[in-house]
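Let me begin by presenting the structure, written as C-alpha cells, before commenting on it.
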Amino acid sequence: MPELAEVEYHRKQWDPFIGRSARVAQLNPRARIFREVDPDHLVANIEGRRLLKSLRHGKRIRFDFAGGSRLGIQLGMTGAMRMADLSEREALDRHDHLVLETEDRLFVFRDSRMFGLVRFSAKGEELTWWPEGSPDVGDERYSRDFMLSFLERRGGAILKNVLLDQEGFPGVGNWMADEICWRAEILPSVRCRELSDAQKESLYVSVRAVSDDALRVIGHDYSTPPPEWLFTHRWKDGGLCPLPRCHGEPLVRQKIAGRTACFCRACQTEAG
DNA sequence: AACCCTGTTATCGA
DNA sequence: TTCGATAACAGGGT
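Here it is, written out as C-alpha cells:
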C-alpha cells in the first residue's frame, strides 16, 4: 500500500524503539525480503545496539544504530511496520519476517507479498542503497530545476510513467501520480515534451502540494483524506470528479503505462 | 474463479 | 539509447 506518506507513517511506528536496544526475536532468513543481505551479519551488528534515529527518503526507510549499523527497509506493495506488546510474541504472523524485541516491546516488519526489501550496512560499509543529496518530493528542497531537467531527459516518455520513476520523483506512487496530474489539470497520458511552461509550473506546484498534504494527513496518523482530493473517489465505481468546475464529471479509469490511472476528462487536458 | 492491486526489476523488441 | 509492453515476484482481497 505504501508511497511517500504511508511510508512516513510506518517509519514512525518504530519511534518508541529509539534510545533502546533489542535482540532479534524472529527472522526467517529464507524470506525473499532478505535476498540482498546476509541475515547473520545483520543480526550480529544490530543486537544490543541502541537505535539512534530513523530517516525516510521517498519510499525508503533507514534505521541508524549505535556503532554505525544502518538497517534499510523498503515496504514494497504490502510491507508494514508496527509495534506490539511482548505478549503478542506467541501470536506472530507467518509474514512477520523481522521482529526485534526490546525489554518491553516488539517491533515488527511484516510483508505478505515480499516485494519489500531489507538492506544493511555495518560501520565502514558503503551505503549504496541510500540516496544522498537528492531531496525527495516531500522535501522543500526538491527543486523546479531538478524536476524540469528530469522531464527534459524523459521527454519522449508518458508523464504518468515519469512521475512513477523514483529517480526523478522519489516517493511518488500510483495514487499520488494521479492526484498530481489531476490537481495540475493535465492528462497523465501526455508526453513530457508536449508540456507547456505553464503546465510544467503547475505540475511542480502540484507535486509539492500533494506531497505536503499527504504527509500532513496520511503521514501524521493515517487519516482518510478529505473529499476534496481525488484520492477519495478514484476507486469507487461511478466515482465523480469532486471539482466544482466540471459539475461532477464521471472519473475515467484506464491503463496508462501499465498502471491503472484515474482522471477527469473535463478538468484535465492534453495541451497547454 | 477470475481478476485486481498505493512496487520494482529484467527482458524483449520497436 | 530510449521507451513501452510484458512477465515475474507471492499473496490477499473482491
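Take 11 as the starting number for the first sequence in our numbering and just add one per residue.
Here a beta-carbon is modelled for each residue, glycine too, at the ideal position from N, C-alpha and C.
With a threshold of 8 Å, are at least 3 pairs of Cβ atoms found where one atom belongs to the stretch 252–263 and the other to the stretch 203–223? no
State whether the stretch 111–129 contacts the stretch 152–164, with contact taken as three or more CB pairs (one from each stretch) at a distance under 8 Å. no
When you compare the stretch 171–186 with the stretch 212–232, are there three or more beta-carbon pairs, one atom per stretch, that lie closer than 8 Å? yes
Please confirm whether W24 and M91 have their CB atoms less than 7 Å apart. yes
On the DSSP bridge list, what partners appear for M91? F119
Are S31 and R70 closer than 7 Å when you measure CB to CB? no
Identify whether K22 lies in helix, strand or coil by the three-state DSSP scheme. helix
With 16 as the cutoff for other CB atoms within 10 Å, does G68 come out buried or exposed? buried
Taking all protein chains shown into account, do 16 or more other C-beta atoms lie within 10 angstroms of the C-beta of K210, making it buried, or fewer, making it exposed? buried
Distance check for A94 and G268, CA to CA, integer angstroms please. 37 Å
Go through the stretch 201–281 residue by residue and report every complete run of the alpha helix (DSSP H) that reaches 4 residues or more, in order. 207–231
Whether or not the stretch 72–86 and the stretch 138–157 are in contact is what I'm after, with contact meaning three or more pairs of Cβ atoms, one per stretch, closer than 8 Å; do they touch? yes
Would you mind sorting W245 into buried or exposed? The rule is 16 or more other CB atoms within 10 Å of its CB. exposed
What residue range is occupied by the uninterrupted alpha helix (DSSP H) comprising K63? Not the alpha helix (DSSP H): K63 falls in the beta strand (DSSP E), residues L61 to H67.
Which two residues bound the contiguous alpha helix (DSSP H) that contains S159? R154 to R163
Alpha carbon of S62 to alpha carbon of F179, nearest angstrom: The question names Ser, yet the displayed sequence has Leu at residue 62. Rounded to whole angstroms, L62 to F179 spans 28 Å at the Cα level.
Inspect the beta-carbon positions of N38 and H107 and report whether they are closer than 7 Å. yes
In angstroms with no decimal places, state the Cα-to-Cα distance between V85 and G126. According to the sequence as given, residue 85 is Leu; it is not Val. So the alpha carbons of these two residues sit roughly 5 Å apart.
Taking F130 and G82 to be in contact with their CB atoms under 8 Å, please state how far apart those CB atoms are, rounded to whole angstroms. 7 Å
Please classify G143 as buried or exposed, where buried requires at least 16 neighbouring CB atoms within 10 angstroms. exposed
Option nearest L173 by Cα separation, candidates L197, E113 and R151: L197
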